[in-house]
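A short write-up of the structure that comes next.
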């Protein structure tokens, strides 16, 4: 009848892939890119740390590679028979997913550090080329499946949706499942080899259906995948174990038979003497211990909450010098807790308990007014996790403390000390009495490193803390009052709505400083 269009089934283009193959190829290639993005962040973290900049670099380069691949793939599909390119691109992309593992691990030996150059270059090595190659495949599949302009919308929409679903599935499966079960090396090698094999199978299918040069894959690409797998097996790795959050290892101290160092990514995170809990190697730990020594009479037990576990050095110290002290440690990384138990001699009891939970979540569960001491020593990469630095978080700390309780926190920064000044300003918005423990060079703006902040509702025992610092062999001093006013200046107060911790932090001293 005139004026009524007859509905027709979309035509099938001669030489097109079977619909289910087109779906699988699009789903797989899009998913592999997201697996690479997530695993790539963990791959570079041992060399440049986990910071907002690291996340930004990996995500940014992955998006740039997806855009470049989609654009160039569509351009090439209009000028060359896609049947000649789909399989080689899948095999090449999969081979390079495998190859980035040894490339990053060898390159990481020269690109260690949180400076922008190292972060950007290592992130680019980890994701750009394989992600771009795999992202070029979906537009080629679309072109191959199109039979007429009348079905452009349905074909493009369907395959675009399938690609997005592949990325979503890969994101959730990798983040919630694969990383909990397999090391990063296994995830990358497995993803790459699956993509290579799928590319080879698609190549055979296309060659049988179309003949000629369709589906042919250079043998060298399969050799690259094999070589990458072999190099991945021998590439140096700084990890003894890959935890849910870190590349971790425990190293023996060559100068102290019972000394052990816990390294997380780029940092010497904790030092534990297996035979002597009172041996405190790091200066900032001695500064924290000095505060606990000055709080109450010697030997008096405390109720302590520890935000961040690491090697559980301070809780062990308190258990030794203040028998009867009860400590609850909030540690987000179950892998670190496992290493504490297996290699660092951690024995839990009614007096020393460990809860695997984000410290902000654990703080919210704390009863009000029961803790004599809260110790903040949680680090994600080089900085305190932002959610523990804000007015709202410190309000929860204040709620957990008794009227005479003390909050003591390990911070790190370098000139101009923007993060430390902001955190001190934030502490002062919550607590009436705040002090800073640091070396004179830090206070003068000539140096940086670890400092310790201390806060309480009651006046701080500064003379006792100074004496305890000297007793621990430190030349640090307590700064409060007008001198602290001058140090803090007009620094902003951090809130849950605005806490640019990574941007305020200067992770390393400037050359020559």
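Numbering (this note's numbering), first residue to last: 12 to 524. Every residue, glycine too, gets a C-beta built ideally from N, C-alpha and C.
Does residue i get closer than 8 angstroms to chain C when you measure Cβ to Cβ?
i, result
"residue 215", "In the displayed structure, chain C is absent; only one protein chain is listed."
Quick check: residue i and residue j, are their CB atoms within less than 8 angstroms of each other?
i, j, result
"residue 432", "residue 502", "yes"
"residue 449", "residue 407", "no"
"residue 318", "residue 382", "no"
"residue 239", "residue 57", "no"
"residue 226", "residue 217", "yes"
"residue 247", "residue 116", "yes"
"residue 435", "residue 464", "yes"
"residue 488", "residue 477", "yes"
"residue 429", "residue 517", "yes"
"residue 302", "residue 419", "yes"
"residue 106", "residue 146", "no"
"residue 506", "residue 385", "no"
"residue 55", "residue 133", "yes"
"residue 438", "residue 395", "no"
"residue 152", "residue 176", "no"
"residue 182", "residue 45", "yes"
"residue 213", "residue 365", "no"
Going by DSSP, what residues sit across from residue i in a beta bridge?
i, result
"residue 338", "315, 363"
"residue 509", "506"
"residue 284", "270"
"residue 490", "447"
"residue 275", "259, 278"
"residue 460", "424"
"residue 441", "In DSSP, residue 441 forms no bridge with anything."
"residue 467", "417, 444"
"residue 327", "Per DSSP, none; premise fails for residue 327."
"residue 377", "Bridge partners of residue 377: none, in fact."
"residue 382", "412"
"residue 73", "Its beta-bridge partners do not exist; DSSP assigns none."
"residue 253", "258"
Report the rounded CA-to-CA distance for residue i versus residue j, giving the unit in angstroms.
i, j, result
"residue 442", "residue 405", "9 angstroms"
"residue 150", "residue 350", "47 angstroms"
"residue 154", "residue 85", "8 angstroms"
"residue 103", "residue 208", "11 angstroms"
"residue 77", "residue 135", "13 angstroms"
"residue 425", "residue 131", "21 angstroms"
"residue 95", "residue 460", "57 angstroms"
"residue 289", "residue 144", "56 angstroms"
"residue 28", "residue 98", "12 angstroms"
"residue 340", "residue 324", "11 angstroms"
"residue 90", "residue 83", "11 angstroms"
"residue 304", "residue 68", "43 angstroms"
"residue 427", "residue 168", "51 angstroms"
"residue 119", "residue 367", "31 angstroms"
"residue 473", "residue 458", "23 angstroms"
"residue 15", "residue 93", "Annotation note: pLDDT 42 at residue 15 (below 50); position unreliable, no value reported."
"residue 33", "residue 66", "32 angstroms"
"residue 173", "residue 39", "9 angstroms"
"residue 314", "residue 469", "17 angstroms"
"residue 157", "residue 30", "11 angstroms"
"residue 275", "residue 229", "42 angstroms"
"residue 509", "residue 295", "28 angstroms"
Could you pull out every residue in the same chain whose Cβ sits closer than 7 angstroms to the Cβ of residue i, ignoring the five residues on either side in sequence?
i, result
"residue 108", "43, 47, 141, 199, 202, 203, 206"
I'd like the list of long-range same chain contacts for residue i, defined as Cβ closer than 8 angstroms, with 5 residues on each side in sequence excluded.
i, result
"residue 346", "252, 253, 254, 255, 256, 257, 259"
"residue 312", "333, 334, 335, 336, 337"
"residue 17", "Summary for residue 17: the model assigns pLDDT 42, below 50, so the residue's position carries little reliability, and this model does not support an answer."
Identify, in the order they occur along the chain, each residue of the same chain with its Cβ nearer than 6 angstroms to the Cβ of residue i, setting aside the five sequence neighbours on each side.
i, result
"residue 379", "410"
"residue 281", "273, 321, 322, 324"
"residue 343", "369"
"residue 51", "69, 137, 138"
"residue 242", "113"
Extract the residue ranges of the alpha helix (DSSP H) inside the stretch 386-437, only unbroken runs of 4 or more that lie entirely within it.
402-411
Kindly provide the ranges of any beta strand (DSSP E) runs that are 3 or more residues long and lie completely inside the stretch 86-171, ordered along the chain.
none
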